[in-house]
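A.B. asks:
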Amino acid sequence: MRAVLDTNVLVSSLLVPMGHSAAIFRAWRNGRFQLVTSEEQLAELRATLRKPRLASRVKPYSVGRLVNEIRQFAEIVERMPKVRRSPDPTDDFLLALSEGGNVDYLVTGDKGGLLSLGRHRWTRIVDAKMFATVLSAV
113 MRAVLDTNVL VSSLLVPMGH SAAIFRAWRN GRFQLVTSEE QLAELRATLR
163 KPRLASRVKP YSVGRLVNEI RQFAEIVERM PKVRRSPDPT DDFLLALSEG
213 GNVDYLVTGD KGGLLSLGRH RWTRIVDAKM FATVLSAV
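In the working numbering, the protein residues as written are 113 to 250.
#1: For residue 153, count the other beta carbons within 10 Å of its own beta carbon; 16 or more makes it buried, fewer makes it exposed. Which is it?
#2: For residue 217, count neighbouring C-beta atoms within 10 Å of its own C-beta (all shown protein chains included) and say buried if the count is 16 or more, exposed if not.
#3: Using alpha carbons as the reference points, say which of 176, 239 and 134 lies closest to residue 159.
#4: Cα-Cα, which of 235, 132 and 221 is closest to residue 248?
#5: Residue 114 and residue 213 look like a contact to me (Cβ under 8 Å); what is the Cβ gap, rounded to whole Å?
#6: If you draw a straight line from the C-alpha of residue 237 to the C-alpha of residue 191, how long is it?
#7: Can you grab the Cα-Cα spacing for the pair residue 142 / residue 135, in whole Å?
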């Protein structure tokens with residue numbers, strides 16, 4: 113199984129260690145699915161975690177460890193199609209990543225945007241709770 117985790121899910125995995133997002137991240141580290149990402153997403157993740165409201169809640173070494181672990185063990189997609197479909201155009205790269213990475217699931221907490229689509233081509237768009245349920249059934 114292949115999945116893209118939206119940046120909000122990755123951030124949540126650091127902020128809420130007992131939540132669904134953290135359980136999903138642990139499942140990835142335990143080899144339960146293949147994480148797919150891009151340099152664009154890694155840059156967005158670093159920028160998001162540097163914002164003052166988050167930087168005060170997360171230790172810099174945790175941010176570095178998260179980014180380095182993803183860079184080392186996730187599949188990084190370099191070629192992605194152009195996609196213009198998301199209600200929030202800044203999220204179109206996640207749909208392109210899902211398509212270019214041939215993923216089964218895009219996991220997001222974006223209720224008003226990506227989740228409202230439900231699917232992009234063959235990729236199911238689900239929230240963290242649903243994906244945690246999928247992982248527990250596998």
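Each residue gets a CB set at the ideal place from its N, CA and C atoms; glycine is no exception.
C.D. replies: Taking the coordinates as given:
#1: buried
#2: buried
#3: 176
#4: 132
#5: 7 Å
#6: 21 Å
#7: 10 Å
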